[in-house]
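Student: Once you've had a glance at the structure underneath, I'll fire off some questions.
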Amino acid sequence: MAIFRREYEDENGVKRLGVNNNRVGGTLLLAIILAAFSYFKYCSSKTVNEYTGREQHVSISPEQEISLGLNSAPAMIQQHGGLHPDQRGQELVKKIGQRLVNNTIASKTPYQYDFHLLADEEVINAFSLPGGQVFITAALFNQLKTEGQLAAVFGHEIGHVIARHGGERITQNELFNGLSNAATVAADDPNVGQNVAGLLNQFFAMPYGREQELEADDIGVQLMLHASYNPEEMIAVMEILKATAGPNRLPERMSTHPDPENRIEKIKAAIEKYKTK
Ligand SMILES: [Zn+2]
Numbered sequence: 014m015a016i017f018r019r020e021y022e023d024e025n026g027v028k029r030l031g032v033n034n035n036r037v038g039g040t041l042l043l044a045i046i047l048a049a050f051s052y053f054k055y056c057s058s059k060t061v062n063e064y065t066g067r068e069q070h071v072s073i074s075p076e077q078e079i080s081l082g083l084n085s086a087p088a089m090i091q092q093h094g095g096l097h098p099d100q101r102g103q104e105l106v107k108k109i110g111q112r113l114v115n116n117t118i119a120s121k122t123p124y125q126y127d128f129h130l131l132a133d134e135e136v137i138n139a140f141s142l143p144g145g146q147v148f149i150t151a152a153l154f155n156q157l158k159t160e161g162q163l164a165a166v167f168g169h170e171i172g173h174v175i176a177r178h179g180g181e182r183i184t185q186n187e188l189f190n191g192l193s194n195a196a197t198v199a200a201d202d203p204n205v206g207q208n209v210a211g212l213l214n215q216f217f218a219m220p221y222g223r224e225q226e227l228e229a230d231d232i233g234v235q236l237m238l239h240a241s242y243n244p245e246e247m248i249a250v251m252e253i254l255k256a257t258a259g260p261n262r263l264p265e266r267m268s269t270h271p272d273p274e275n276r277i278e279k280i281k282a283a284i285e286k287y288k289t290k
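In our numbering, each residue's number is its place in the sequence shown (first place is 1) plus 13.
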């Protein structure tokens, strides 16, 4: 901490070398206030998700989630080469998506669901934004063999929306940005703070955590059963993901989703758990 041996001007404008006690006290106090404020804000965002029953931290309202999703959708669509021109494909995607929403708990949520087929033929992916905008790339769409498999993909993505994983990630980001700002102030060295913030940003730029992915699978299985789809189709999707990932698969920690093999075991357990209900 360079602060303790730095040149400073005292109250009479005389340059001195050493510890400026007033400044250190003020800096630390400010850092503590910043850290405490961030932490308090995080704690006060605690809520129980009424659809999953899980306690979580979400600092934004469902209305904010919806507008965030709607505002980000055009950029997401553009990143993947726009919407796919195939109208039949586009209609099928909307039909399956809406069947999953209309016959399940998703219809009880305040979210505005919409389903989009993206023109991207290269990147095998599906994702959702907070508030209900759901996307699938043509690359993944073309790999799927049945409507049930498409329902499995969307069930998982609707799961992210219902479980508010986007809002959760934003709230975690707020906490860590707050704490890293406090660290910057405390260290009084912009480089230290930037490194901390950079590391945290790298970490949180990763899409969703492992637990969130598994929770989305779990919800997906429930939605499929309620909308009269065969939940085994989700296992078929995992097999497709496994086959298309190839031998150079990223280790689980670094990839968007946990290893398909790992997910299959949990999906089988979820099917057993929910099919009798
Ligand atoms: Zn996911």
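The C-beta atom is built at its ideal place from N, Cα and C for all residues, glycine as well.
So, does the stretch 171-188 touch the stretch 222-238, judging by three or more C-beta pairs under 8 Å?
Tutor: These segments touch.
Student: Residue 242: which of 163, 254, 230 sits nearest, CA to CA?
Tutor: Locating residue 242 in the sequence shown gives position 229, counting from the first residue. The option with the nearest alpha carbon to residue 242 is 163.
Student: Please report the distance separating the alpha-carbon of residue 153 from that of residue 289.
Tutor: The residue you call residue 153 lines up with position 140 of the sequence shown. The residue you call residue 289 lines up with position 276 of the sequence shown. Going from the Cα of residue 153 to the Cα of residue 289 covers about 31 Å.
Student: Would you give the residue range spanned by the alpha helix (DSSP H) that residue 236 belongs to?
Tutor: Along the sequence shown, one-based indexing puts residue 236 at 223. First-last of the alpha helix (DSSP H) with residue 236: 223-239.
Student: Just to confirm my understanding: we take residue 99, look at its own chain, exclude 5 residues before and 5 after, and list those with CB closer than 6 Å. What are they?
Tutor: In the sequence shown, the residue the question calls residue 99 occupies position 86. Contacts found: none.
Student: Pull up the DSSP beta-bridge partners for residue 149, would you.
Tutor: Mapped onto the sequence shown, residue 149 falls at position 136. 130, 139, per the DSSP bridge assignment.
Student: Going along the chain, which residues of its own chain have a beta-carbon closer than 7 Å to the beta-carbon of residue 69, five neighbours each way excluded?
Tutor: Taking the first residue of the sequence shown as 1, we reach residue 69 at position 56. 60, 62, 177, 181.
Student: Tell me the residue span of the alpha helix (DSSP H) that contains residue 257.
Tutor: Locating residue 257 in the sequence shown gives position 244, where the first residue counts as 1. Counting along the chain, the alpha helix (DSSP H) containing residue 257 begins and ends at 245-258.
Student: Using DSSP bridges, identify the partner residues of residue 96.
Tutor: Stepping through the sequence shown from its first residue, residue 96 is reached at position 83. Residue 96 is bridged to 131.
Student: Is residue 126 closer than 8 Å to residue 147 when the C-beta atoms are compared?
Tutor: The residue given as residue 147 occupies position 134 in the sequence shown. The residue given as residue 126 occupies position 113 in the sequence shown. Yes, they are a contact pair.
Student: Rounding to the nearest angstrom, what Cα-Cα distance links residue 158 and residue 116 in this structure?
Tutor: Indexing the sequence shown from 1 puts residue 158 at position 145. Indexing the sequence shown from 1 puts residue 116 at position 103. Going from the Cα of residue 158 to the Cα of residue 116 covers about 23 Å.
Student: Any idea which residues DSSP pairs residue 68 with across the strands?
Tutor: Stepping through the sequence shown from its first residue, residue 68 is reached at position 55. The partner list for residue 68 (beta bridge, DSSP) reads 61.
Student: Among 111, 129, 145, which one has its Cα closest to the Cα of residue 123?
Tutor: Position 110 of the sequence shown, counting from 1, holds the residue named residue 123. Residue 123 has its Cα closest to that of 145, out of 111, 129, 145.
Student: Taking residue 156 and residue 280 to be in contact with their CB atoms under 8 Å, please state how far apart those CB atoms are, rounded to whole angstroms.
Tutor: Position 143 of the sequence shown holds residue 156. Position 267 of the sequence shown holds residue 280. About 18 Å separates the two Cβ atoms, so there is no contact after all.
Student: Using 8 Å as the threshold, is the C-beta distance between residue 131 and residue 103 below it?
Tutor: For this step, residue 131 is matched to residue 118 along the sequence shown. For this step, residue 103 is matched to residue 90 along the sequence shown. In this structure, residue 103 does not lie closer than 8 Å to residue 131 by Cβ.
Student: Within 7 Å: the Cβ of residue 221 and any heavy atom of ligand 1?
Tutor: Counted from its first residue, the sequence shown places residue 221 at position 208. Answer for residue 221: yes, Cβ within range of ligand 1.
Student: Taking 7 Å as the line, does the beta carbon of residue 229 fall inside it for any heavy atom of ligand 1?
Tutor: Position 216 of the sequence shown, counted from the first residue, corresponds to residue 229. Checking the Cβ of residue 229 against ligand 1 gives yes.
Student: Taking just the CA atoms, how far does residue 42 sit from residue 139?
Tutor: One-based indexing of the sequence shown puts residue 139 at position 126. One-based indexing of the sequence shown puts residue 42 at position 29. Answer to the nearest angstrom: the Cα atoms are 46 Å apart.
Student: What does the Cβ neighbour count give for residue 73, buried or exposed, with the cut at 16 atoms within 10 Å?
Tutor: Taking the first residue of the sequence shown as 1, we reach residue 73 at position 60. Buried, since its Cβ has 16 or more Cβ neighbours within 10 Å.
Student: Between residue 79 and residue 174, what straight-line distance do the alpha-carbon atoms span, to the nearest angstrom?
Tutor: By one-based count along the sequence shown, residue 79 stands at place 66. By one-based count along the sequence shown, residue 174 stands at place 161. Roughly 10 Å separates the two Cα atoms.
Student: Output the distance between the C-alpha atoms of residue 40 and residue 141, rounded to the nearest integer angstrom.
Tutor: The sequence position of residue 40 within the sequence shown is 27, counting from 1. The sequence position of residue 141 within the sequence shown is 128, counting from 1. In a straight line, the C-alpha of residue 40 is about 41 Å away from that of residue 141.
Student: Check for me: the alpha helix (DSSP H) holding residue 287 runs from which residue to which?
Tutor: Sequence index remark: in the sequence shown, residue 287 carries index 274 (1-based). Its alpha helix (DSSP H) spans residues 273-288.
Student: Comparing the CB of residue 226 with every heavy atom of ligand 1, is any distance shorter than 7 Å?
Tutor: For the purposes of this step, residue 226 is taken as the residue at position 213 of the sequence shown. Result yes, Cβ under 7 Å from ligand 1.
Student: Can you give the Cα-Cα distance for residue 320 and residue 89, rounded to whole angstroms?
Tutor: Here the chain comprises residues numbered 14 to 290, so residue 320 is not present and cannot be evaluated.
Student: Between the Cα of residue 195 and those of 26, 44, 28, spot the shortest distance and give me the residue it belongs to.
Tutor: On the sequence shown, residue 195 is found 182 positions in, with the first residue counted as 1. Residue 195 has its Cα closest to that of 44, out of 26, 44, 28.
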